[in-house]
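Numbering (full-length UniProt numbering), first residue to last: 1 to 428. Note that the Cβ used here is the ideal one computed from N, Cα and C, for glycine as well. Keep in mind that this is a model prediction, so the values were computed, not measured.
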Amino acid sequence: MVDRQLAAEQWYHGLLPREDIKMMLRNNGDFLVRTTEPVAGQPRAFVLSVMFRQELEDQGIKHFVITNLPNGKFSIEKYAFDSVSQMIEHHLHKKESISRANEVILRTPILRQNWEHSHEDVELTKKLGEGAFGEVHMGKLKLRNGRKVDVAVKLAKLEVLTKEQIKEIMHEARLMRNFDHPNVVKFYGVAAGQEPLMVLMELVNCGALDSYLQKQEQPVEKKNEMILQAAWGLEYLHGKNVLHRDIAARNCLYGDNKVKISDFGLTREGTVYQMDPHKRVPIRWLAPETLKMAIYTQKTDVFSYGIMCWEIYNNGIEPYPGMTVAEVNQNVKEGYRMPLPFFVPPDVQTIIKVRCWSENPNDRYTMPEISKHLQRILQIPRPDFAAIAAASQAAAAASNAPATPTRETMTRPQASLVSRGRRSRTRY
């Protein structure tokens with residue numbers, strides 16, 4: 001259990017994985033405190049991570065486990081303190097080495113990033129359902145400028161998750177920090193200081209796209225808009241050099257007349273990814289080369305996008321109706337492709353059948369090409385995404401304006417540390 005004093009410290013980052021730490025500690029003396037990653041049957045401990053040889057980059061970071069002694073005090077190698085906060089303040093003020101073996105001096109506390117939120121800033125208002133790793137709630141997030149925004153909150157109870165599952169959640173969060181597009185769900189950050197781990201995202205009022213389509217028949221004009229909006233979102237992701245790997249209507253959200261791509265649990269950076277053949281995969285959405293060789297590329301995302309277009313025009317029903325997964329696997333590899341409804345515009349049918357579902361990936365369009373042709377065919381103008389992004393970044397900067405608590409609301413040690421601390425400017 002994290003005490004209130006430690007939870008309030010700006011240099012305490014909770015369940016921050018090592019992948020993030022090595023990007024935040026850049027200069028000698030940079031430090032932060034976190035908790036150990038969960039291991040089944042073992043209690044978690046606090047860890048002090050310090051950069052002591054910056055020329056070695058991430059190899060120059062030392063991780064010291066903070067021992068909680070039987071008498072309730074906290075120690076690393078030398079002294080015992082009543083609290084972790086007292087320990088940090090002592091070593092920062094005295095400039096005395098943490099380690100007996102190496103000269104490891106605490107100089108600059110690395111403060112929480114704008115995407116790291118306190119549990120106290122999150123108010124849960126209504127349970128929406130169950131996710132892959134726990135409950136999903138509607139809630140409100142208090143931003144640093146005091147404004148409150150509606151959010152969807154994924155709750156992950158650490159005691160029931162494996163180390164790999166925690167890494168997957170934080171990997172998804174790390175990727176989403178880079179995304180800022182009207183057709184990609186917005187990521188607000190995580191609350192990782194204590195349990196449960198919270199992942200905070202934009203609340204999209206109509207929910208999953210497949211469910212929305214199943215509830216009420218939509219006019220073809222609206223479906224045309226949906227496939228183009230999804231194309232814009234996937235084009236953006238490919239431009240960020242990531243493979244989504246799970247494009248499907250169930251993994252998109254719909255609200256305010258916009259499709260938003262979400263669910264980045266399988267997303268990977270790069271242009272090619274070799275799949276683990278033992279992992280479960282969404283067979284009904286996969287390209288033939290993925291089924292044959294377990295390879296993902298941007299062109300396999302394009303194939304899956306075509307399947308999602310089929311879902312949209314067919315009111316969100318599952319692809320390949322009437323077929324088992326084994327039959328889908330075999331039939332797709334042998335060249336079978338689903339028919340599209342008669343009302344789909346002929347030129348759109350050609351895009352999907354010929355430029356998304358071609359056997360040869362080289363014959364498929366890229367997502368920018370698909371967007372360009374759909375804009376022309378459907379006569380829907382392309383938004384000024386650069387201007388939208390600039391406005392979004394300005395709004396984000398305003399929401400994070402008071403980056404730290406006011407000195408009047410801090411204890412003296414907290415104010416002292418924050419005045420000497422810095423927020424990492426690393427681009428993720």
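Judged by DSSP in its simplified three-state form, Val151 adopts strand.
Beyond the five residues adjoining it in sequence on each side, Glu37 comes within less than 6 Å, by CB distance, of Lys163 in the same chain, given in chain order.
Following the DSSP letters along the chain, one finds Arg34 inside the beta strand (DSSP E) bounded by residues 30-35. For Gln218, no alpha helix (DSSP H) segment is defined, and its DSSP state is neither H nor E. Each residue's CA atom was taken as its position, placing Tyr273 and His90 some 48 Å apart.
The bridge partners DSSP lists for Arg245 come to none. Of the other Cβ atoms in all chains shown, fewer than 16 fall within 10 Å of the Cβ of Tyr79; this residue is therefore exposed. For Thr267, the secondary structure class from DSSP, reduced to helix, strand or coil, is coil. If you draw a 10 Å sphere on the C-beta of Pro109, you find 16 or more other C-beta atoms in it, and that means buried. Distance from the CA atom of Asn314 to the CA atom of Met198, rounded to whole angstroms, is 35 Å. Closest option to Val242, judged by alpha-carbon separation, among Met138, Ala156, Val136, Asp301: Asp301.
In the three-state scheme derived from DSSP, where H, G and I count as helix and E and B as strand, Ile105 is classed as coil.
Asn183 has its alpha-carbon roughly 17 Å from the corresponding atom of Arg245. Rounded to the nearest whole angstrom, the C-alpha separation of Tyr336 and Ser358 is 11 Å. Secondary structure of Asn183 (DSSP, three-state): coil. Gly233 has its alpha-carbon roughly 50 Å from the corresponding atom of Ser97.
Apart from the 5 residues on each side of it in sequence, Gly270 sits with its Cβ closer than 8 Å to the Cβ of Asn241, Val242, Leu243 in its chain, given in chain order. In this structure, DSSP gives Tyr320 a state outside helix and strand, which the three-state scheme calls coil. For Cys309, the enclosing alpha helix (DSSP H) stretches over residues 298-313.
Here DSSP, grouped into helix, strand and coil, assigns Val204 to coil.
Ile370 and Ala231 have their alpha carbons spaced roughly 7 Å apart.
Counting C-beta atoms within 10 angstroms of its own C-beta, Asp58 has fewer than 16 neighbours from the protein chains shown and is therefore classed as exposed. Look at Ser83 here: in three-state DSSP terms it is coil, with no helix or strand label. For Phe46, there is no enclosing alpha helix (DSSP H); the enclosing beta strand (DSSP E) covers residues 46-51. Within the same chain, Trp285, Pro319 come within 6 Å of Ile307 by CB-CB distance, once the 5 residues on both sides are set aside. Assignment of Gln375 by DSSP, reduced to helix, strand and coil, places it in the helix class.
With respect to the 7 Å criterion, Arg364 and Lys260 are not classified as neighbours on the basis of their beta carbons. By the Cβ criterion, the region 164-172 is in contact with the region 13-26, since at least three pairs of Cβ atoms, one from each stretch, lie closer than 8 Å. Under DSSP, the beta-bridge partners assigned to Lys142 are Lys148. When rounded, the separation of the alpha-carbon atoms in Arg107 and Lys62 is 14 Å.
Non-local C-beta neighbours of Leu32 in its own chain, meaning closer than 6 Å and more than five positions away in sequence, comprise Trp11, His13, Ser49, Ile110, ordered along the chain. Only residues of its own chain outside the window of five on either side were considered, and among them none has a CB closer than 6 Å to the CB of Pro381. Ala326 and Asn224 have their alpha carbons spaced roughly 31 Å apart. Looking only at Glu311, Ser83, Ala248, the smallest Cα-Cα distance to Phe46 is reached by Ser83. As the crow flies, the alpha-carbon of Gln349 is around 30 Å from that of Asn205.
Out of Glu195, Ala152, Asp180, Met176, the CA that lies nearest to the CA of Val160 is found in Glu195.
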